[in-house]
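Residues 0 to 569 (numbering that gives the first Met the number 0) are what the first sequence spells out, left to right.
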Amino acid sequence: MRTSQMLIPTLREEPGEAETVSHRLLLRAGMIRKVAAGIYTYLPLGLRVIRKVEAIIREEMNRAGAQELLMPIASPAELWRETGRWDFYGKELLRFKDRHERDFCLGPTHEEVITDLIRREVRSYRQLPLNCYQIQTKFRDEIRPRFGLMRGREFIMKDAYSFDRDEAGAQVSYQKMYDAYQRIFTRCGLTFRAVEADTGLIGGTSSHEFMVLAETGEETIVYADEGAYAANVERAEVLPPAETAAESPRPLRKVPTPGVRTVEEVTAFLKIPPQQLVKTLLYQTPKELIAVLVRGDHEVNEIKLKKLLGVVEIELAAPDKVRAATGAPVGFAGPVGLRGIRIVADQSIKALRNVVVGANEADTHYVDADWERDFAVERFADLRNARAGDPSPVGQGQLRVARGIEVGHVFMLGAKYSQSMKATFLDPQGQETLAVMGCYGIGVGRTAASAIEQNHDAKGIIWPAPIAPFHIHLLPLSQSAAVTEATRSLYDTLTQTGIEVLWDDRDERAGVKFNDADLIGAPYQLIVGEKGLAQGLVELKQRKTGEAARLPPNQVLAHVQALLSNRPIS
RNA sequence: CGGGGCGUAGCGCAGCUCGGUAGCGCGCCUGCUUUGGGAGCAGGAUGUCGCAGGUUCAAAUCCUGUCGCCCCGACCA
């Protein structure tokens, strides 16, 4: 392609609205433009990258035995009502009515639609297993879209759904997808890690997320420094405390703590370590107000809490409710003498003696409280976030913490959807049986954006070759006949062998071309200049290293082919 | 949903406090020169100042409303 024939509006200046590297560079390199919050147009260059990622996904999905189909973006409410998700999905589901006043929504995911299809068309165990996927636009009306393609409202996703005769078959399907994902992200040139994950709104029994490791990631993951354990912190288990504090209980005392409410303030004021403090957090569930106890240096894991309580919504109680329930302003809630409110506690509390807690009285705390003697914990459970230094929940080692971008997620769904939607088939005995499902997503745009987060420098993007919009950026540095002729000849030679070349045929100065090329980030730049040509040489430069080879034009093709075949080219 | 901020030329911004002529840089157009890392000189074009209403002789500027966008928060008392 010639630059003059492509819409590549590069920006010299930083776009004001962009925060993360990938967002900034995608805008600057002329790959995306915003249409509305979280909604983007993919410009020709950006679309080429998207298509590259899609092509890799297609190849690997097909190789894993999945078959492609395409479902609609809009779907009728009745399907969502069947599974209960019309109500359960909340505001993220963008709803609208058609001219007949019938309810529809834009699909944020497609379990309902695919399950509806399969229940109609699959009757016999002979038709299973089946794995169908699509690459299609999704819409989720996110609370706060951000970071360009990282968290859009409209985005391209590959979603696959497997249907099996039984649990064992579903395991096989799941593993195939897991393996395919490993290949896909490896081919995309990403450094990533699969971690155990929570199943969230999709539901199901178990899942893994594929996390691209990056500081800007929105997810926190923990992994063991020995062994293979890795999990999203939402999900990571924490082992019960090894031993109980050896000290013997001291009498409960009430102490004045004027204006001292945060953990930092209380521990500083009383000169105690945060491990000796027990925080009392009041949570509002749809049913009730509940008190949750965690150690002063720990964080409540709300997902674990929701599961323990069997509720889907939970939020910290508003200050006025805290006051009404405890009789004290926020900051002084405590389990001692707390009436009419159930108390659950993180398991670490069990190992503590002589702790500091709020006294449900303004400017007052208790010291030397004891859970066995002074208050009634209804249940102890793992309710906190894992953190660096915790022992690995399986095997040896300690946990470390890293940030990740979730680019893929695989779920074992079990019979959740087949049951609510009655997707059944007849087994060999003629028994009606529920299909066992799995579902598997990949964020296509997010994958491209993560590649930028991991591969860039001050000048711009450095695409991994397999997903680069072009392999070679061809840069003639003058408009002279000799240079143009040499450029054209190189372009033809390379293009004829299937190498993708972006030919910067603009009448621009060398500096402008170099800067745009660095910004756009093709892995190689082929530079044809007057001086070099006079010596019969052109320059082949690696974007990543800046390393340049000067060679005669007739050696360029062989060189490029060698360079490109070193990498997993699609 | 709460808090904060911003909407002025294609992009980045100033002007608003204290009402009166709409400005700067980049980009764009023309010409000449220049030509291996975002050129120089000269000339030029471009604005419903987000939108609607109000105050005023007069509004980018003040007031009200509204829409859009961005940031932080919506989890640790």
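Where a beta carbon is used, it is the ideal one built from N, C-alpha and C, also for glycine. Keep in mind that this is a model prediction, so the values were computed, not measured.
Less than 6 Å between C-beta atoms, sequence neighbours within five positions excluded: which residues of the same chain meet that for residue i?
| i | result |
| --- | --- |
| residue 360 | 327 |
| residue 234 | 195, 196, 197 |
| residue 566 | Because the pLDDT of residue 566 is 48, which lies under 50, any placement of that residue in the model is unreliable, and the number read from its coordinates should be weighed accordingly. Answer for residue 566: 464, listed in chain order. |
| residue 19 | 146, 215 |
| residue 224 | 396, 397, 399 |
| residue 548 | 539 |
| residue 349 | 379 |
| residue 51 | 466 |
Of the choices the options, whose alpha-carbon is the least far from that of residue i?
| i | options | result |
| --- | --- | --- |
| residue 367 | 113, 506, 156, 249 | 249 |
| residue 259 | 253, 251, 268, 252 | 268 |
| residue 16 | 252, 303, 145, 537 | 145 |
| residue 177 | 301, 114, 409 | 409 |
| residue 170 | 521, 448, 434 | 434 |
| residue 39 | 279, 48, 26 | 26 |
| residue 546 | 562, 193, 529 | 562 |
| residue 66 | 80, 132, 74, 3 | 132 |
| residue 291 | 278, 284, 297 | 278 |
| residue 116 | 141, 516, 420, 499 | 420 |
| residue 516 | 550, 462, 449, 530 | 462 |
| residue 336 | 374, 349, 101 | 374 |
| residue 151 | 85, 34, 256 | 34 |
| residue 287 | 272, 341, 232 | 341 |
| residue 564 | 554, 498, 306, 478 | 498 |
Do residue i and residue j have their C-beta atoms within less than 8 Å of each other?
| i | j | result |
| --- | --- | --- |
| residue 158 | residue 82 | no |
| residue 274 | residue 252 | no |
| residue 221 | residue 230 | yes |
| residue 425 | residue 123 | yes |
| residue 365 | residue 376 | no |
| residue 237 | residue 392 | yes |
| residue 160 | residue 208 | no |
| residue 218 | residue 402 | yes |
| residue 476 | residue 526 | yes |
| residue 570 | residue 559 | Residue 570 lies beyond the residue range present for the chain, which begins at 0 and ends at 569; the question has no answer from this structure. |
| residue 56 | residue 451 | no |
| residue 283 | residue 314 | yes |
| residue 352 | residue 246 | yes |
| residue 506 | residue 473 | no |
| residue 285 | residue 310 | yes |
| residue 78 | residue 112 | yes |
How would you write the range of the alpha helix (DSSP H) that residue i sits in, first residue to last?
| i | result |
| --- | --- |
| residue 451 | 443-453 |
| residue 490 | 480-495 |
| residue 264 | 262-269 |
| residue 562 | 555-564 |
In chain order, what residues of the same chain lie with their CB nearer than 7 Å to the CB of residue i, ignoring the 5 residues before and after it?
| i | result |
| --- | --- |
| residue 321 | 281, 329, 332 |
| residue 53 | 134, 443 |
| residue 492 | 556 |
| residue 418 | 433 |
| residue 481 | 532 |
| residue 568 | Reliability of the predicted coordinates at residue 568 is poor, the pLDDT of 38 falling under 50, and the value obtained from them is presented with this limitation in mind. Cβ within range, chain order: 464, 465. |
| residue 90 | 140 |
| residue 298 | 383, 384 |
For the beta strand (DSSP E) holding residue i, just list the boundary residues, first then last.
| i | result |
| --- | --- |
| residue 73 | 73-75 |
| residue 208 | 205-212 |
| residue 176 | No beta strand (DSSP E) contains residue 176, which is instead part of the alpha helix (DSSP H) from 166-186. |
| residue 163 | 153-163 |
| residue 217 | Counting along the chain, residue 217 falls outside any beta strand (DSSP E), and DSSP gives it neither H nor E. |
| residue 475 | 471-475 |
| residue 230 | 229-231 |
| residue 246 | Run containing residue 246: none; DSSP gives neither H nor E here. |
| residue 433 | 431-433 |
| residue 549 | 547-550 |
| residue 500 | 500-502 |
| residue 237 | Per DSSP, residue 237 belongs to no beta strand (DSSP E) and is neither H nor E. |
| residue 195 | 191-195 |
For residue i, which residues in the same chain have their Cβ closer than 8 Å to its Cβ, ignoring the five residues on either side in sequence?
| i | result |
| --- | --- |
| residue 121 | 127, 129, 162, 422, 424, 434 |
| residue 168 | 127, 128, 435 |
| residue 14 | 23, 26, 27 |
Original post:
Hey, which unbroken runs of the beta strand (DSSP E) at 3 residues or more fall wholly within the region 337-424?
Top reply: Entirely contained in the region 337-424, the beta strand (DSSP E) runs reaching 3 residues are, in chain order, 341-345, 354-357, 363-368, 378-380, 398-413.
**OP:** Go through the region 17-92 residue by residue and report every complete run of the alpha helix (DSSP H) that reaches 4 residues or more, in order.
**Re:** The region 17-92 contains these whole alpha helix (DSSP H) runs: 20-27, 43-62, 76-82, 84-87.
Subject >> Contained beta strand (DSSP E) runs [length at least 3] in the region 90-143, N- to C-terminal order >> reply: 94-96, 102-105, 129-138, all fully within the region 90-143.
Original post:
Mind pulling the beta strand (DSSP E) runs of 3 or more residues that sit fully within the region 256-337?
Top reply: As summarised for the region 256-337, the continuous beta strand (DSSP E) elements at least 3 residues long and confined to that stretch are 277-283, 288-294, given in chain order.
**OP:** Just list the alpha helix (DSSP H) runs in the region 511-545, keeping only unbroken ones of 4 residues or longer that don't cross its boundaries, in chain order.
**Re:** Runs found: 529-533.
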